[in-house]
């Protein structure tokens, strides 16, 4: 499944100007792509466009060869799942209930899940290391646990494409690494295509093989991480002087910020 | 009907004591002062009494709800129970204002302005007669008041005589309900002038045991009491023809009630039923004619 | 995923949904049925059950049977349907507004109905429409009008409704209409004011089956719409965008939720006046017992709401017999402290 944006522009409110301008990018099947950029650059908007939540004002988005807009919502949900930055349910659902909600696009008209759905949900919980939390109340969990549960509920959709918005933003270091490892595993072992929107340079450097650098609603650069992630692009993106080096022990690039560029 | 519901809603069973105190105030006024010549009446029943005893010319203003006798139509209006227009009342420079017993604030203002207030509360027929006497006193028309009272008494006695000895049907007296609905009926309880009128007219009030002027029975209670005759008083609009047929049909689901089954639902149109004034004899006679038509042939 | 792994999985401590749904329907259904069967037997007038069903006595002479079939049974059925509707509307509205403190009256429907009733009472309206007498008719009409206004305010074509606008519009209209009602009451005479106040307290003594039958189409449509919502409401209450990405048509779900709630609440208020607290007490009580999955909570609340209101009405008409309390007073006395406890618990 390939996600393809062609000259896409989008504006939230008519007078405020476009928040996404003339963006063209391709998400290849099986890739682990990072959308990198400062806050407000349009990463979240791009993710929502890719998920079909927002409609482009100009340009086209295609998925698996067909126009994204034309695909019925329920069918699309069986292929693309989204992990939002924050999830605040209005009621006190249990973890297992949250995860089972991910089965919705696969259920019949009465939307009552069966043993098969339950198995898939447990599988998802296990994959995110949260199986022991199944009967707990979601609201009682820590930030890291909540995030992993939300990822599990997205996995329960059995998607081909997983879109995540700042998945590590509110997590402790240990959980950041865990989520990163989880995403890498999902991508390598299960072949899930992953797009991660983040402003965390090192997260992007550690797991993303492809990067799309976004600033002011435009694509600054896109391509293989080694090519795209360097001092110049980081300066253009963040107005920050940084060193990008290959780190032997971790096995991937690391970014060390030096100082602000006035 | 306004005041009736007000009385029913506001009072407990101690209205007799209140009437006595009001009467006391009235009597004292007549002993020491000149007859009132500029009277403002907020109570339609009292207005009717004033005109009946020949004191109509002494009345300068009436309430918004007064419409009898016809002479009142030319008089100034000063509001009623809930909204008396104090400024207007004072501007008329009255020497006597007839108020409801619950209008404490108004009475306080009148007293401060040095104006005599005559406070009245609804009661039974004995209240009516006592009030007539008191009004006669304050207007200097004691003879006419006595004559009027006697006239009413004679009327009532005549009715009693006519229906004496006849079997007394169980009567439900409805004085308020919503059109086309039997929910929230207002019926006469076992206290007050309406109840006494039924008894004089030769009927037995099915709610005679309720020690209140009005009651709101549930469907269950209506079925349990099983009245033989239903009298519906309609003041605001005349119920006749198609309206009557429709309102009669509203009772149809309760065809099990004897009154409904036997077609003894009577609509009584007129404004004099719920005003406990000089026309009470007329009203009682209408009741009696409805309950015992054969006694009046 | 092997079947043995499935068998040993704890299911998160929850039994499968199908089983839970079946148990819920049976359990709460029995409760509602019991309430409806037992309530007509009790009342301010004592009747004998054997006499009620004694066929040898002609109906016209059988006061016990008359009371049972003409007064109590319609009243119990009215209580059951109104209770079910108000409780369901409460559940759906709480999900729609993502606020567990919402009630069926939050969106102005009941104050609209009250305004309609008040206008009919003071206007001296006399003509009804078919079996509907003026006050319920006017009440239904204005309630629908207010719902339409709020719907129009909150609707954004092609996009999900703004729940903020819904809530604000509802609260504002409630306040505005309350002021209008006060104004009308000020100009009314005492009798009319008293009648208005009594209407506002709610009254299940419908006097026959006709008032219920008349609004039955509205109830049925509302129920059909309610049945399509629970799963979508679950997803919606987690987040509108998340719901979209799981295949829920958010705009459509919101509209269905709004329309079904408005229909159910308008119909309930038309039959029995605005009876408060049912729409908030019942859903919360049910959630305490069954968890928060709307597929369970909605049918359970409908059934429990029926039993609850029938029970409150039973208390209302027997506790101070022969005087009858308005049922709204009883639900308020039970519901008020419960609501406060809820607020304190959440704090």
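Residue numbers (our numbering), protein chains in the order written: chain V, 1 to 262; chain L, 263 to 559; chain X, 560 to 906. The beta-carbon is built from N, C-alpha and C at its ideal position, and this holds for glycine as well.
| Check | Outcome |
| --- | --- |
| Is there at least one Cβ from chain X nearer than 8 Å to residue 97 of chain V's Cβ? | yes |
| Note down, in chain order, every chain L residue with its Cβ under 7 Å from the Cβ of residue 892 of chain X. | None at all; the shortest Cβ gap to chain L is about 20 Å. |
| Using a Cβ cut-off of 8 Å (strictly closer), state whether residue 619 of chain X contacts chain L. | yes |
| For residue 349 of chain L, count neighbouring Cβ atoms within 10 angstroms of its own Cβ and tell me buried if that reaches 16, exposed if not. | exposed |
| Measure the C-alpha to C-alpha separation of residue 183 of chain V and residue 162 of chain V and round it to an integer number of angstroms. | 9 Å |
| Using only CA atoms, which one of V:241, V:207, V:235 lies nearest to residue 225 of chain V? | V:207 |
| Roughly how many whole angstroms lie between the Cα atoms of residue 438 of chain L and residue 109 of chain V? | 53 Å |
| Starting from the N-terminal side, write out each stretch of the beta strand (DSSP E) that is 3 residues or longer and does not extend beyond the segment 223 to 260 of chain V. | 240 to 247, 252 to 260 |
| Along the segment 421 to 454 of chain L, what residues have a CB closer than 9 Å to any CB found in chain X? | 438, 440, 441, 442, 443, 444, 445, 446, 448 |
| Examine chain X for any beta-carbon lying closer than 8 Å to the beta-carbon of residue 304 of chain L, and answer yes or no. | no |
| Could you check whether residue 496 of chain L and residue 531 of chain L sit closer than 8 Å to each other, using their CB atoms as the reference points? | yes |
| Run through chain V and tell me which residues come within less than 7 Å of residue 794 of chain X, C-beta to C-beta. | 101, 104 |
| Quick check: the Cα distance between residue 831 of chain X and residue 480 of chain L, rounded to an integer number of angstroms? | 14 Å |
| Less than 8 Å separating the beta-carbons of residue 550 of chain L and residue 463 of chain L? | yes |
| Could you spell out the range, first to last residue, of the alpha helix (DSSP H) harbouring residue 733 of chain X? | 722 to 746 |
| When you check each C-beta in the segment 586 to 617 of chain X against every C-beta of chain L, which residues fall closer than 8 Å? | 602, 603, 604 |
| Specify the secondary structure class of residue 268 of chain L as computed by DSSP and reduced to three states. | Because residue 268 of chain L carries a pLDDT of 49, less than 50, the predicted location of this residue cannot be relied on, and no value is offered for it. |
| What does the alpha-carbon distance come out to for the pair residue 656 of chain X and residue 802 of chain X? | 14 Å |
| Could you check whether residue 647 of chain X and residue 735 of chain X sit closer than 8 Å to each other, using their CB atoms as the reference points? | no |
| Within 8 Å (strictly less), CB to CB, does residue 516 of chain L reach chain X? | yes |
| Taking residue 124 of chain V as part of the alpha helix (DSSP H), name the residues at either end of that continuous run. | 115 to 127 |
| Taking one C-beta from the segment 720 to 734 of chain X and one from the segment 844 to 854 of chain X each time, how about it: are there three or more such pairs within less than 8 Å? | no |
| Quick check on residue 310 of chain V: does DSSP put it in helix, strand or coil? | Lying outside 1 to 262, the shown extent of chain V, residue 310 of chain V is not represented and no answer is given. |
| So what's residue 602 of chain X in DSSP terms, helix, strand or just coil? | coil |
| Select from the segment 865 to 890 of chain X all residues with a C-beta closer than 8 Å to any C-beta belonging to chain L, and list them in chain order. | 876, 881, 883 |
| Please check the pair residue 401 of chain L and residue 297 of chain L, which I expect to be a contact at CB under 8 Å, by giving their CB distance rounded to whole angstroms. | 5 Å |
| Does the contact criterion of 3 or more C-beta pairs under 8 Å hold for the segment 168 to 178 of chain V versus the segment 198 to 217 of chain V? | yes |
| Please classify residue 303 of chain L: does DSSP put it in a helix, a strand, or coil? | strand |
| In the DSSP output, which residue or residues are listed as bridge partners for residue 496 of chain L? | L:531 |
| At 7 Å on the CB atoms, spell out the chain L contacts of residue 692 of chain X, in chain order. | 440, 441, 442, 443 |
| Just list the alpha helix (DSSP H) runs in the segment 82 to 107 of chain V, keeping only unbroken ones of 4 residues or longer that don't cross its boundaries, in chain order. | 95 to 101 |
| Considering only DSSP beta bridges, list what residue 165 of chain V is partnered with. | V:197 |
| At the 8 Å Cβ level, is residue 767 of chain X part of the contact set with chain L, yes or no? | yes |
| Is any beta-carbon of chain V found at less than 8 Å from that of residue 580 of chain X? | yes |
| Just checking: is the beta-carbon of residue 771 of chain X within a distance shorter than 8 Å of some beta-carbon in chain L? | no |
| Helix, strand or coil, according to DSSP, for residue 175 of chain V in the structure here? | helix |
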